[in-house]
Structure formats: C-alpha cells, structure tokens
Amino acid sequence: MLEPAPHPSSQAATPDYGGLVQFLVKPFLEQPDSLRVDCEVSHGKAKVWVRVAFEGADKGRVFGRGGRNIQAIRTVLEAAAHAAGYSAHLDVYGSQPHGRQEDTEHEPPREKSSPRRSPGPPSPRPRPQ
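Just so you know, the numbering used here puts 30 at position 30 of the sequence shown, and the rest follows in order with no gaps.
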C-alpha cells in the first residue's frame, strides 16, 4: 500500500531556487555567461528573494511581449516556493520595482469589458425640406 507523501514544508531540503531561475532564464540570453543570480532564503520568515542580472540587450527577450516571459518565470518560482512552504520574490537588476516602470515587466490583468455591440441598422434620418 502507498504511504502518503510528507507535507512539503516538513522536508529538510530546500529547493535550489537559484538553479531553477538560471534554468528558466538562460535559454533567452544571447550571452548566457552574463547571467548572475543571487538567492537569499529567510527560513524564519519563510521567504525567498532571487535577484538576477544580465546584459541589457537581452532584457527584451527575457521579459517577452507584455512581460509574459518574466511573469511565467515568476509563476514557476512562486509555485516551487509555495510547494516548500515559502513565498518567493524575483527582482531583475536594472528594472524598476515590480509593476512600476513605463515599459512594465508585468501588467496588471485587464478587466474584461463587455463585448462591443454592432451598431445595427442605421436609424432613419429626417430629410431637410
């Protein structure tokens, strides 16, 4: 019979957050050797901070259209941290604080507007006499 898996936060090993971020970011870089990753784990607060730096020319590819790539990387990092009972935060060196730059790396989800209605048949206009 199968034994239940232990609760993730009770596991002694902490995931390699820095290695995970390197694995996710390197494919986007023309110069993978320029990637620098710094990871700080606060066991007392159950938080993880990961900071990445790379050549500015690669920023567009790493962030992706509308910040989709960097948001996907953040989502994977946050999921790995959550599975271990932590919360995670990813900072990209050279970018402004998360969600506070003109060319935003992450745009807040837009509210869905009601579908546009077609104008329908034109209403008859009174003819001038």
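Cβ atoms here follow ideal geometry from the backbone N, Cα and C, with glycine treated the same way.
These figures come from a predicted structure and were not determined experimentally.
{"Check": "Those residues which DSSP pairs with ALA83 across a bridge", "Outcome": "None, per the DSSP bridge assignment."}
{"Check": "6 angstroms CB neighbourhood of TRP49 in its chain, flanking five on each side removed", "Outcome": "GLU40, HIS89"}
{"Check": "N- and C-terminal bounds of the beta strand (DSSP E) containing ARG51", "Outcome": "47-53"}
{"Check": "Through-space distance from GLY66 to VAL25, alpha-carbon basis", "Outcome": "17 angstroms"}
{"Check": "Reduced DSSP secondary structure (H/G/I, E/B, other) of GLU30", "Outcome": "coil"}
{"Check": "Rounded C-alpha distance that separates PRO124 from VAL62", "Outcome": "55 angstroms"}
{"Check": "Buried/exposed call for PHE23, threshold 16 Cβ in 10 Å", "Outcome": "exposed"}
{"Check": "At least three beta-carbon pairs within less than 8 angstroms, the region 51-62 to the region 27-40", "Outcome": "yes"}
{"Check": "Rounded straight-line distance, which links the Cα of ASP38 to that of SER95", "Outcome": "16 angstroms"}
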